[in-house]
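Chemist:
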Amino acid sequence: MARDQRYDILFEPVKIGPVTAPNRFYQTPHAIGLGWQRPKAGAALRGIKAEGGWGVVCTEYCSIHPTSDDSPYGFLTLWDDDDVEALAQTADAIHAHGSLAGIELWHGGSHASNRWSRVPGIAPSAIPAMYHLPTTARGMDLTDIKAFRGWQRDAALRARRAGFDIVYVYAGHDYLPFQFLSPRHNRRADQYGGSLENRVRLLREMIEDTKDAVGDTCAVAVRLAVDELHGPAGITSEGEGRDIVAMLAELPDLWDVNVAGSLGNDSKSARFSPEGYQEPQVAFVKTLTTKPVVSVGRFTSPDVMVSQIRRGIQDFIGAARPSIADPFLPTKIREGREDEIRECIGCNICRAANNEGVHLRCTQNPTIAEEWRRGWHPERIATYPAREKVLVVGAGPSGLEAALSLGRRGLDVTLADRNTKLGGRILNESTLPGLSTWIRVRDWRQHMIAKLANVQVFPGSEMTAEDIAGFGAEHVVLATGAKWRRDGVGVNGMDVLELPKALTPDDVFAGAALSGAIVIYDDEHYFMGGALAEKLTREGHSVTLVTPNASVSSWTAMTDEIGFLHARLHELGLAMQTGRLLLGHGNDHVRLACTASGRESELACDTLIVATGRLPDDRLYHELATAPQAFTLTRLGDCMQPSSIADAIYSAHRFAREFGEEAVAVLRRERPPVKDFA
């Protein structure tokens, strides 16, 4: 198909200092969790982005010195010349597809506790470290500042030797250069503290040093947080954020601007922000500089992208999460296939991977970070050599993914679901406050399945074991999902409780009657307990959210949502009790026990909803597995292991990729060379 002319502006080349980007699609720096230990995997991931049409592809944060060590998280290093060869693999992989390669040079300051290097941390002023307490970063003296400038310069020179086209000066996300800018961190009384001009001094010097080192061949980008979102006590887009840009307007070759305060502000989930949500803070930047500007906002719609360019908000479409969900997003727009874009749902499972210290994962794109380790490509899958028949029972996340991927392999696939609408658990979860984008998981797969003539879909078709056995398929895949438990067994409460009148989230979604004082007991700790509490409170119910953990929905800390969620629940006036374990449910109360002391208490409760855990809906599997059959039998997703939507989709995608092949016992791993240092 021909490209829609409305989107031509997105494919215009843009000059960035001495280099030129082939289009306006800019994969901004983002973590992938592979780090300096796995350069081949990192290079393969970034190379796929370039192949997918991103005109600029940047690395994640790359430490310039051992005083900036973010272990156990995966970060890159340019500490010495040995790092050059490893990073050159990434630059080469990006260049192989005609894209520019950017590298984000980084020093974390008080955000880096140096657990691996065990070198004392540094900051503008003595301040407690942000993580891995108890640790305090020492205040830098002028000798330290001079040394720091040398580290930035040396790393920039190494970056140039590695082949990068854009070299970053990183003054965002509360890291060291930004700590000098912000009066919340900088308490110095010398030429690097006090007035804004003094606090900007180090950033100005870093830009000048970097340009002096590489400016003749590489562009120099500044990544700046223009608003800390901490009000007048810090940097704001109406105040000093604007002033900083005005002071340095023409010095860098590109401005990469965002909000700070925490990484969660810059990577806000769809639950708490719309597409393009950073525009109010960053829109002023282009009015102050002639240099190109890029920012982010979870952009997935090409019409919104064009609007950003035409209204003068930015020159590039910056993206991290949308480029993870669909590395081929630019190519699909260019080829007139925008209907095939696998849109980011903003669930922040990618951020959870980073916060857990593991490699990247994505709900929409199961191939991310598997490009080298498993050899997976997001747009290509091997054709199966035989036209065999597969019956997939259940059209939730894993069933849809299995049907689509097996169909793409060329098998004859029949997908059946007892419900008249496809989607399984997503049909319910996407109705919760802020989670409407999650329906994209269903919509994209349903749309792509409709393009395959070899996949037939039968909604409203409940299959019994006898139906399945008589269907005549050579392979049967069960993706029948899971059900919420009613017995109170969860992460903390392992005892089975007699709760005959308790409701589960499944009951609530099915329309169960709710009355009187409602208690939601959350011992699962992800989104369900808090989202149900918000939904029912907004509907006018009296709700108390109870959890045995120290905070409600505690696992949402991994998805960078916990602060936003707590603020919202407090604004709603929701009653919350933490550190309370469920013991039982009477006619008008629940019995609780303090998790610390064991002291028991009662709480008024007419309706109890337990969100503690889920059990596989594997009845069909066991019925079929107990008798000899003429077909292979497999269960996938929540039917095998209740978990996140991302895990359900990954389970199905892996099955489809490995269908008919011998299972690989050991994943491909990168091993460091063995050297004798004796």
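Adding 16 to a residue's 1-based position in the sequence shown gives its number in our numbering.
For each residue, glycine too, the CB sits at the ideal point set by N, CA and C.
Predicted model only: the values in this text are computed from it and were never measured.
1. Evaluate residue 474 with the Cβ neighbour count: other Cβ atoms within 10 Å of its Cβ, from every protein chain shown; 16 or more gives buried, anything less gives exposed.
2. For residue 57, tell me which candidate among 105, 571, 568, 67 has the shortest Cα-Cα distance.
3. Given a threshold of 16 other Cβ atoms within 10 Å of its Cβ, counted over all protein chains shown, does residue 416 qualify as buried or as exposed?
4. For residue 617, write down the residues that DSSP places opposite it in a beta bridge.
5. Grab me the residues of residue 476's own chain with a C-beta within less than 8 Å of its C-beta, minus the 5 sequence neighbours each way, in chain order.
6. Buried or exposed for residue 617, please, with buried defined as at least 16 other CB atoms from any protein chain shown within 10 angstroms of its CB.
7. Taking C-beta to C-beta, are residue 135 and residue 83 nearer than 8 Å?
8. Can you tell which of 503, 640, 241 has the C-alpha that lies nearest to the C-alpha of residue 624?
9. State the DSSP-derived secondary structure class of residue 79, mapped to helix, strand or coil.
10. To the nearest angstrom, how far is the alpha carbon of residue 334 from that of residue 450?
11. As a quick exercise: from 522, 552, 236, pick the residue whose alpha carbon is nearest that of residue 534.
12. Report yes or no: do the segment 101-119 and the segment 64-73 share at least 3 C-beta pairs separated by less than 8 Å?
13. Within a Cβ cutoff of 7 Å, which residues of the same chain sit near residue 346, ignoring the five residues on either side of it in sequence?
14. Is it buried or exposed for residue 550, if we count other Cβ within 10 angstroms and need 16 for buried?
15. Using a threshold of 8 Å, state whether the C-beta atoms of residue 601 and residue 499 are closer than that.
16. Going by Cα to Cα distance, which pick from 392, 478, 423, 74 is closest to residue 684?
17. Quick one: any contact between the segment 311-330 and the segment 255-266, if contact means 3 or more CB pairs under 8 Å?
18. Where are the alpha helix (DSSP H) runs, 4 residues long or more, that stay fully inside the segment 566-598, in chain order?
19. Run the CB neighbour count on residue 603, radius 10 Å, all protein chains shown included, and call it buried at 16 or more, exposed below.
20. Report the three-state DSSP secondary structure of residue 623 (helix, strand or coil).
21. Residue 642: buried (16+ other C-beta within 10 angstroms of its C-beta) or exposed?
22. Rounded to whole angstroms, what is the Cα-Cα separation between residue 532 and residue 558?
23. Suppose contacts are defined by Cβ-Cβ distances below 8 Å. Is residue 382 in contact with residue 666 by that definition?
24. Indicate the three-state DSSP secondary structure (helix, strand or coil) for residue 558 in the structure shown.
25. My parser needs the beta strand (DSSP E) runs of 3 or more residues fully inside the segment 61-118; what are they?
26. Quick check: what's the CA-CA separation for residue 25 versus residue 230?
27. Going by other Cβ atoms of all chains shown within 10 Å of its Cβ, with 16 needed for buried, is residue 348 buried or exposed?
28. Considering only the alpha carbon of each residue, which of 270, 126, 168, 563 lies closest to residue 31?
29. Can you give me the Cβ contacts of residue 389 inside the same chain, cut-off strictly under 7 Å, excluding the 5 residues immediately before and after it?
30. Measuring CA to CA, which of 280, 342, 387, 238 is closest to residue 305?
31. At 3 residues or longer, and completely inside the segment 240-306: list those beta strand (DSSP E) runs for me, N to C.
32. Using a threshold of 7 Å, is the CB atom of residue 267 nearer than that to any non-hydrogen atom of the ligand FAD?
33. Residue 366: which of 662, 397, 582 sits nearest, CA to CA?
34. Considering only the alpha carbon of each residue, which of 472, 249, 491, 438 lies closest to residue 402?
35. Which of the three DSSP states, helix, strand or coil, is assigned to residue 170?
36. Would you check if there are 3 or more beta carbon pairs closer than 8 Å linking the segment 189-197 to the segment 86-100?
Modeler: On the basis of the supplied data:
1. exposed
2. 105
3. buried
4. 608
5. 433, 434, 435, 436
6. exposed
7. yes
8. 503
9. strand
10. 23 Å
11. 552
12. yes
13. 39, 41, 68, 69, 70
14. buried
15. no
16. 392
17. no
18. 578-587
19. exposed
20. strand
21. exposed
22. 7 Å
23. yes
24. strand
25. 72-79
26. 30 Å
27. buried
28. 270
29. 57, 683, 684
30. 238
31. 270-275
32. For the ligand FAD, the structure offers nothing, since it holds no ligand at all.
33. 662
34. 491
35. helix
36. no
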